[in-house]
Amino acid sequence: MEKIISGKVYFTVWAALMCLTVTTAAVSYVDLGQFSIVVALLIATLKGSLVVLFFMHVKYLNVKTTLLVIVAGFFWLAILLLMTMTDYITRAWS
Amino acid sequence: MSDSSQALATHELRHHFEDMEQQRDASSMGMWVFLITEIMFFGGMFMAYLLYRYEYFQAWQEGSQHMNFWIGTINTAVLICSSLTMVLAVLAIQQGRRRLTSVMLAITICFAITFMVLKGIEYHEHWLAHEFPGSAFHFAGIDPRHVEMFFVLYFVMTGFHALHVLIGIGLVSTVLYMNSRGHYSADYHNPIENVGLYWHFVDLVWIYLYPLLYLIGHHHVG
Amino acid sequence: MASASTITAEREHYLNADYGFRSWLLTTDHKRIALLYLISITFFFFIGGFFALLIRLELLTPQGDLVQADTYNKLFSMHGQVMIFFFLIPAVPAVLGNFLVPMMIGAKDLAFPRINLLSWYLFIVGGGVMLYTMLTGGVDTGWTFYVPLSTAYLGTHVVLAAVSIFIAGFSSILTGLNFIVTIHRMRAPGMTWGRMPLFLWSNYATAIIQVLGTPVLAITLALVGLERMFHLGVFNPQLGGDPLLFQHLFWFYSHPAVYIMILPGMGVVSEIIPCFSRKRVFGYEFVALASIGIAVLGFLVWAHHMFVAGISLYSAMVFSFFSYLVAVPSAIKVFNWTATMYKGKIYYSTPMLYAMGFIGLFTMGGMTGLFLASLGVDVHVTDTYFVVAHFHYIMVGGMVMAYLAGMHFWWPKISGRMYPEAWGKLAAMIIFIGFNLTFFPQFILGWTGMPRRYHAYTPEFQVLNVLSTAGSTVLAVGYLLPMVYFLWSLRYGKEAGDNPWGAAGLEWKTASPPPTYNFEETPVVTWEAYNYDELPEEVPVVG
């Protein structure tokens, strides 16, 4: 039987997402140099994790296969991005 | 749960499944597998973005300055709100509250339409400012060729995202209609959950698009 | 004994359960959908084969005298696109996989029967667009669509061809999605992962690739279309775009795609070898994990198609290393099949002949892949006929033979009839001879310098080209024969019975042809796969 999450949890997550959005928007006005992208992506990943864990119920899963599926998806995306970039980044070495 | 709710659930059991639990687990897994195909589909675009940002960072900064910061930020908030109402719709049907479910689904659609309208205004603005790639493109600042590439990525990524929002509107409308016909209950509502998963995914993509397109470098006002 | 037609008419099964176009075109029965696919891909196989024959005809003489260069470009492009996307990719999964996966796991159908039907309709629509493309002038970019040729310079139907493959790609994705969920969620009681037939492991690994790789092809083709039509030039050098980005994205799918094509064939071989050796598979776990290994490693090697395109040397070394590594799980399979046959009681039935042919020819094709994985050698042979021979050894000598092996092995189950064994053996021999005559000379041609995708060549290459063309005619005859005798067997073939081969596997425990819901009762599995030590040593039916 599926677990029913309370509305309170959802509203809390929503509030967190809104705050994080304001935060990332505000931080973009600050000059962090090379770290701007790192901070922006960290906040985005935090927001994304909240959506995945709570709104998409991944935190409350009965079925572990779903987690495998999600990890596989992001892992394969990483293969695409990272292995392609190794070509471009190392071109200057030759 | 009520007898009629369970009867509905039994009625919806497809013949090749052993029981409702197997059907539900299968349909949910199916939607998740579909979502990772979407990760890879958008992944190709993120790859292009990553490469050209690496190669033409200044142009990326320039281009980002010309984004409509306020529409982008408001749209981010709009999608987050729509995710909330979507998950509340699922909560409502889990409690057997059909009318509340319909209300939540309808509000989700309203948010989605708001997103599309704001996007349309944005696109129109860019068009008027000669920022649509192609022969009409004209950029007065530095490195116009690579800034044009930024706009190519902008339109391609937000364009495909908007297409998915549109499809999402269709899907949410469909389950809204089906709910109004009494097809769902506390014991059977897989389609609403699965549409919810899709919708949250669409929100997730935008959560990444927003900083990558709108928040590079420092901002001028507007 | 009562005549074959009376007996099958008495019992209801999936073929006679319902009649009429609607019962076929709106079916959700995985077995009927498999047959719909069978007819469709056979049709496209002959279209692709027709283009191949035209290519071989042109190459009989050194001069480009049969067709113009532009037409020749269209011929090899269409040959590749049709054969890859409309035959090889769907062949085993959509025909044999659709038919057998639910039966092998003891289920009544796939997890999503209506999506299964949708995948066939998508295939048909994609195929229809491809046919339209061909009839209105075709496309001449090569099946590889390289930019900027495809985005900026051609007047042929690039967008149409891209759309057709985009649509067919979704057919492939949906099939893969269906198989993954089915295998995870619908196994019969007692059917643990470790008891599944290897055909299921292979199709599962294939499904992983279909689901994770094909979407990247989809977006890449979409980007080509957008650039051509709306000047959204992601690959446009004038905007700083990189044509190599296209190649990275294209091959990220298209290399794993070759594993989509070969893994199901390996699964077929894994079923046939133990049956006709009357032995358990040697090293079952290794073969199962090797399938997964191929699926994963296959995603790490794509830029070996780009060694001379301008990628960094260091990146090339990484891709070369992984390309060597991916040969290991394939080799493990070859060793295990061979070890399965060792000291087995071998029956040289038609499926076994094809399976044995597969092992030999796939090994040759695979080893020549290692030549290509070596950076230095690749510089010499890339874009020559060596590459053409390499992939045809795997795809035709390997995959098509595996497909025919599977069709012959499971034909009794699918149709309830035996094909004529003598003709089966004859066709297998003709195909084996025709295949080697066609493609072995191409290794030599490539090694000695004949480039691929050229319709004219220098005279010293003619002899080998003539041999190759002669071989292709023999091969064509060989491929026509099964068409004829399979159709013949539907009416005149001997009745097959439940298990003519005495094979292990749940699909053989039900009638031939099977009832619509596959099993009278859901089976409960208490035995390991390939329990040939518990089955009779004699194969009931062999010519």
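Protein chains in written order, with our numbering: chain X, 199 to 292; chain S, 4 to 225; chain P, 194 to 736.
By construction, the Cβ of each residue, glycine as well, lies at the ideal position given by its N, Cα and C atoms.
Note that the structure is a prediction, hence the values are computed from the model and not measured.
Practice task
Starting from the Cα of A400 (chain P), find the closest Cα among P:T531, P:L432, P:A488 and give me that residue.
Solution key: The shortest C-alpha separation from A400 (chain P) is found at P:A488.
Exercise for the section: Tell me, please, whether the segment 264 to 281 of chain X touches the segment 141 to 158 of chain S by the rule of three or more beta-carbon pairs shorter than 8 Å. Expected result: no
Exercise for the section: Please name the residue, chosen from P:M296, P:V275, P:G369, that lies closest to T1 (chain S) on a Cα-to-Cα basis. Expected result: Here chain S covers residues 4 to 225 and nothing more, so residue 1 (chain S) does not appear.
Handout entry: V474 (chain P) and T533 (chain P) closer than 8 Å at C-beta
Key = yes
Problem - Contact between the segment 242 to 250 of chain X and the segment 199 to 210 of chain S (3+ Cβ pairs under 8 Å) - result: yes
Handout entry: Three-state class that DSSP yields for C217 (chain X) in the structure shown
Key = The answer is helix: DSSP assigns C217 (chain X) an H, G or I state.
Exercise for the section: Check whether the Cβ atoms of A582 (chain P) and G639 (chain P) sit closer than 8 Å, and answer yes or no. Expected result: In contact: A582 (chain P) and G639 (chain P) (Cβ atoms closer than 8 Å).
Practice task
Spell out whether any CB of chain S is found under 8 Å from the CB atom of M281 (chain X).
Solution key: Answer no: the Cβ-Cβ gap between M281 (chain X) and chain S never drops below 8 Å.
Practice task
Consult DSSP for R646 (chain P) and reduce its assignment to one of helix, strand or coil.
Solution key: Residue state, collapsed to three classes: coil.
Problem - Minimum C-alpha distance to H424 (chain P) - residue among S:P194, S:E151, S:I219 - result: S:E151
Handout entry: C-beta neighbour in chain X for L11 (chain S), strict 8 Å
Key = Taking 8 Å as the CB threshold, L11 (chain S) stays off the interface with chain X.
Problem - Stretch-stretch touch, CB-based, cutoff 8 Å, three pairs: the segment 469 to 484 of chain P with the segment 534 to 547 of chain P - result: yes
Problem - Where M199 (chain X) falls: helix, strand or coil (DSSP) - result: Any reading at M199 (chain X) must be qualified, since the residue scores a pLDDT of 47, below 50, and its modelled position is unreliable; no value is offered.
Handout entry: Within-8 Å CB hit, L310 (chain P) to chain S
Key = no
Practice task
Buried or exposed for F214 (chain P), please, with buried defined as at least 16 other CB atoms from any protein chain shown within 10 angstroms of its CB.
Solution key: exposed
Practice task
Check whether the Cβ atoms of V417 (chain P) and F492 (chain P) lie closer than 8 Å to each other.
Solution key: no
Practice task
Take every Cβ of the segment 260 to 275 of chain P, pair it with every Cβ of the segment 645 to 653 of chain P, and state whether three or more of those distances are shorter than 8 Å.
Solution key: yes
Exercise for the section: Please check if any C-beta of chain X sits within less than 8 Å of the C-beta of I187 (chain P). Expected result: With chain P running from 194 to 736 in the structure shown, residue 187 (chain P) is simply not present.
Problem - Residue(s) in a DSSP beta bridge with E688 (chain P) - result: Beta-bridge pairing links E688 (chain P) to P:R610.
Practice task
List the DSSP bridge partners of T577 (chain P).
Solution key: Within the DSSP secondary-structure output, T577 (chain P) pairs in a beta bridge with P:P644.
Handout entry: P286 (chain P) and P544 (chain P) closer than 8 Å at C-beta
Key = no
Practice task
Could you tell me the boundaries of the alpha helix (DSSP H) in which V175 (chain S) lies?
Solution key: Segment 147 to 183, the alpha helix (DSSP H) holding V175 (chain S).
Exercise for the section: Quick one: which residues of the segment 425 to 452 of chain P get their C-beta closer than 7 Å to a C-beta of chain X? List them in chain order. Expected result: H441, F445
Problem - Closer than 8 Å to chain P by CB, T263 (chain X) - result: yes
Problem - Where E24 (chain S) falls: helix, strand or coil (DSSP) - result: helix
Problem - Chain-ordered chain P contacts of L278 (chain X) [CB-CB under 9 Å] - result: V409, H441, L442, F445, F492
Exercise for the section: Determine whether the Cβ of E721 (chain P) lies closer than 8 Å to any Cβ atom of chain S. Expected result: no
Problem - Whole runs of the alpha helix (DSSP H) within the segment 508 to 585 of chain P, excluding any shorter than 4 residues - result: 543 to 566, 568 to 574, 578 to 585
Exercise for the section: Mind checking which residues open and close the alpha helix (DSSP H) that includes M389 (chain P)? Expected result: From DSSP, M389 (chain P) is part of no alpha helix (DSSP H); its letter is neither H nor E.
Problem - DSSP-derived helix/strand/coil call for T79 (chain S) - result: Here T79 (chain S) sits in helix by DSSP.
Practice task
My understanding is that Y749 (chain P) touches R225 (chain P), with C-beta atoms under 8 Å, so please give their C-beta distance in whole angstroms.
Solution key: This structure cannot settle anything about residue 749 (chain P), because the visible part of chain P is limited to 194 through 736.
Handout entry: CA-to-CA distance, V198 (chain S) to S183 (chain S), given in whole angstroms
Key = 16 Å
Practice task
Would you mind giving the Cβ-Cβ distance between L231 (chain P) and V294 (chain P), rounded to the nearest angstrom? I have them listed as a contact below 8 Å.
Solution key: 15 Å between Cβ atoms; not a contact.
Exercise for the section: Please say whether W291 (chain X) and S505 (chain P) have beta carbons closer to each other than 8 Å? Expected result: Going by C-beta atoms, S505 (chain P) is nearer than 8 Å to W291 (chain X).
Exercise for the section: Kindly indicate if chain P contains any beta-carbon less than 8 Å away from that of V224 (chain S). Expected result: Because the pLDDT at V224 (chain S) is just 39, under 50, the model does not fix this residue reliably, and the value given afterwards should be weighed accordingly. So, not an interface residue.
Problem - C-beta contact flag for L218 (chain S) and Y52 (chain S) at 8 Å - result: no
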